[in-house]
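In the numbering used here, the protein residues as written are 30 to 79.
Ideal placement from N, C-alpha and C gives every residue a C-beta, glycine not left out.
Just so you know, these numbers come straight off a predicted model, no measurement behind them.
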Amino acid sequence: MGTCEQDINIVIPNYNGKDFLRTCLASIQGQTCSSYQVTVVDNGSADGSA
């Protein structure tokens, strides 16, 4: 993984996103920058993605 000039903060809002959340997180992991923080904010999902 590469390094970045600055830290990156990624906020992912989620509501019943079970079918997409894993793909979204895998996409972030696949980026060349390794200096990042991910926060998933869930709003009461009922599909098991919380």
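Item, Value
"Sequence-distant residues of its chain with Cβ nearer than 6 Å to serine 74 (five each side left out)", "Tyr44 and Asn45"
"Residues bridged to threonine 52 (per DSSP)", "Threonine 52 pairs with nothing; no bridge assigned."
"Top-ranked residue by Cα proximity to asparagine 38, from Arg51, Val70 and Thr52", "Val70"
"Cut-off 6 Å between Cβ atoms - residues of its own chain near aspartate 76, not counting five sequence neighbours on either side", "Asn45 and Lys47"
"Residues that glutamate 33 bridges to, as DSSP identifies them", "Note on identity: in this sequence residue 33 is cysteine, with glutamate being the wrong assignment. In DSSP, cysteine 33 forms no bridge with anything."
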